[in-house]
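Q: Take a look at this one; I'll ask things after.
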Amino acid sequence: EAEVAQSPRYKITEKSQAVAFWCDPISGHATLYWYRQILGQGPELLVQFQDESVVDDSQLPKDRFSAERLKGVDSTLKIQPAELGDSAMYLCASSLAGTPYEQYFGPGTRLTVT
Amino acid sequence: GQSLEQPSEVTAVEGAIVQINCTYQTSGFYGLSWYQQHDGGAPTFLSYNALDGLEETGRFSSFLSRSDSYGYLLLQELQMKDSASYFCAVRPRNSGNTPLVFGKGTRLSVIA
Numbered sequence: 001e002a003e004v005a006q007s008p009r010y011k012i013t014e015k016s017q018a019v020a021f022w023c024d025p026i027s028g029h030a031t032l033y034w035y036r037q038i039l040g041q042g043p044e045l046l047v048q049f050q051d052e053s054v055v056d057d058s059q060l061p062k063d064r065f066s067a068e069r070l071k072g073v074d075s076t077l078k079i080q081p082a083e084l085g086d087s088a089m090y091l092c093a094s095s096l097a098g099t100p101y102e103q104y105f106g107p108g109t110r111l112t113v114t
Numbered sequence: 115g116q117s118l119e120q121p122s123e124v125t126a127v128e129g130a131i132v133q134i135n136c137t138y139q140t141s142g143f144y145g146l147s148w149y150q151q152h153d154g155g156a157p158t159f160l161s162y163n164a165l166d167g168l169e170e171t172g173r174f175s176s177f178l179s180r181s182d183s184y185g186y187l188l189l190q191e192l193q194m195k196d197s198a199s200y201f202c203a204v205r206p207r208n209s210g211n212t213p214l215v216f217g218k219g220t221r222l223s224v225i226a
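So the sequences go chain by chain: A and B.
The numbering of the first sequence is the numbering used here, which starts it at 1 and goes up by one.
The numbering of the second sequence is the numbering used here, which starts it at 115 and goes up by one.
Structural data, given as structure tokens:
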């Protein structure tokens with residue numbers, strides 16, 4: 001069964017350092033999402049791609065976060081510099097373009113900033 | 115704007131039926147989705163109601179009433195493995211791109 005792949009699964013970094021997360025969506029899924037989830041809360045969208053184009057990054061803290069999906073397949077989310085408040089689970093999801101309500105999530109990256 | 119309200123916690127007995135409610139305040143949306151998330155795991159899609167009424171998928175059913183701004187997820191014949199968090203989510207009907215907005219989730223504990 002096709003799955004969304006993410007790496008690393010866990011990341012511990014010191015504040016002010018740079019960190020990057022990688023995501024490989026399900027083959028054929030044109031839409032890719034990056035979410036941040038704080039314990040006890042629902043996922044919150046950071047950025048959404050349609051193929052290689054950003055369609056929504058309104059909640060992305062652009063002073064420190066960046067995301068790219070250069071070839072419209074896999075994607076990278078970067079934080080530089082990391083802050084203590086960035087500690088959270090970062091989830092990647094993908095969907096077919098016509099079914100945005102049915103998203104498939106990867107296992108996530110648990111980020112701890114010390 | 116839009117907001118989704120769910121109970122934070124629900125406890126039910128193995129073999130029983132439990133209903134998780136979701137009320138929303140939004141001017142319009144495309145449909146109501148439900149996701150399950152086990153501790154330490156990723157959310158997994160359960161169901162989607164595009165129209166009012168009941169959708170059934172095995173032990174799980176989901177209901178939507180737009181006129182009442184209300185929906186629910188019904189879990190029957192509860193099993194211990196159903197212990198997880200359940201999130202309702204909507205995609206608001208606005209101009210331009212409208213991402214999925216998740217509720218804060220309901221933590222279901224199934225006890226023996």
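By construction, the Cβ of each residue, glycine as well, lies at the ideal position given by its N, Cα and C atoms.
Compare the C-beta of glycine 72 of chain A with all C-beta atoms of chain B and state if any pair is closer than 7 Å.
A: Mapped onto the first sequence, residue 72 of chain A falls at position 72. Not closer than 7 Å to any Cβ of chain B, the Cβ of glycine 72 of chain A fails to qualify, so no.
Q: Chain B partners of aspartate 51 of chain A, CB-CB under 8 Å?
A: Along the first sequence, one-based indexing puts residue 51 of chain A at 51. Near aspartate 51 of chain A there are no residues of chain B at all, since even the closest Cβ is about 14 Å away, more than 8 Å.
Q: Step through the CB atoms of chain C and report whether any lies within less than 7 Å of the CB of asparagine 211 of chain B.
A: In the structure shown, chain C cannot be found, because the protein chains are A and B.
Q: Report the residue ranges of all beta strand (DSSP E) runs contained in full by the region 154-183 of chain B; include only those spanning at least 3 residues, in chain order.
A: If we require 3 residues or more, the beta strand (DSSP E) runs fully inside the region 154-183 of chain B come out as 158-163, 167-171, 174-179.
Q: Note down, in chain order, every chain A residue with its Cβ under 7 Å from the Cβ of phenylalanine 216 of chain B.
A: Position 102 of the second sequence, counted from the first residue, corresponds to residue 216 of chain B. Per Cβ cutoff of 7 Å: Gly42, Pro43.
Q: Do glutamine 6 of chain A and threonine 109 of chain A have their C-beta atoms closer together than 7 Å?
A: Counted from its first residue, the first sequence places residue 6 of chain A at position 6. Counted from its first residue, the first sequence places residue 109 of chain A at position 109. Result yes, Cβ atoms of glutamine 6 of chain A and threonine 109 of chain A sit closer than 7 Å.
Q: Tell me which residue opens and which closes the beta strand (DSSP E) that glutamine 133 of chain B is part of.
A: Position 19 of the second sequence, counted from the first residue, corresponds to residue 133 of chain B. From DSSP, the beta strand (DSSP E) with glutamine 133 of chain B extends over 132-139.
Q: Going by DSSP, which residues form a beta bridge with isoleucine 225 of chain B?
A: For the purposes of this step, residue 225 of chain B is identified with residue 111 of the second sequence, where counting begins at 1. B/Val127.
Q: How is the beta strand (DSSP E) around leucine 111 of chain A delimited, first residue to last?
A: Along the first sequence, one-based indexing puts residue 111 of chain A at 111. First-last of the beta strand (DSSP E) with leucine 111 of chain A: 109-113.
Q: Just the C-alpha distance for aspartate 86 of chain A and phenylalanine 49 of chain A, rounded to the nearest angstrom, thanks.
A: In the first sequence, the residue the question calls residue 86 of chain A occupies position 86. In the first sequence, the residue the question calls residue 49 of chain A occupies position 49. Straight-line Cα distance between these residues: approximately 21 Å.
Q: Exposed or buried, glutamine 17 of chain A, counting other C-beta atoms within 10 Å across all chains shown (16 or more means buried)?
A: Here residue 17 of chain A is taken as the residue at index 17 of the first sequence, counted from 1. Looking at its Cβ environment, which holds fewer than 16 other Cβ atoms inside 10 Å, glutamine 17 of chain A is exposed.
Q: Spatial neighbours of leucine 178 of chain B within its chain, please: CB distance less than 6 Å, with the 5 preceding and 5 following residues excluded, ordered by chain position.
A: Position 64 of the second sequence holds residue 178 of chain B. Counting only Cβ-Cβ distances below 6 Å, and skipping sequence neighbours, we find Leu146, Asn163, Asp166, Gly185.
Q: Go through its chain and collect everything with a Cβ distance to glutamate 169 of chain B's Cβ below 6 Å, but skip five positions before and after it.
A: As a working mapping, residue 169 of chain B is identified with position 55 in the second sequence. Counting only Cβ-Cβ distances below 6 Å, and skipping sequence neighbours, we find Ser161, Asn163, Ser176.
Q: Does the CB of glutamate 3 of chain A have a neighbour CB from chain B at under 7 Å?
A: By 1-based counting over the first sequence, the position of residue 3 of chain A is 3. Chain B, which has no Cβ nearer than 7 Å to the Cβ of glutamate 3 of chain A, makes this no.
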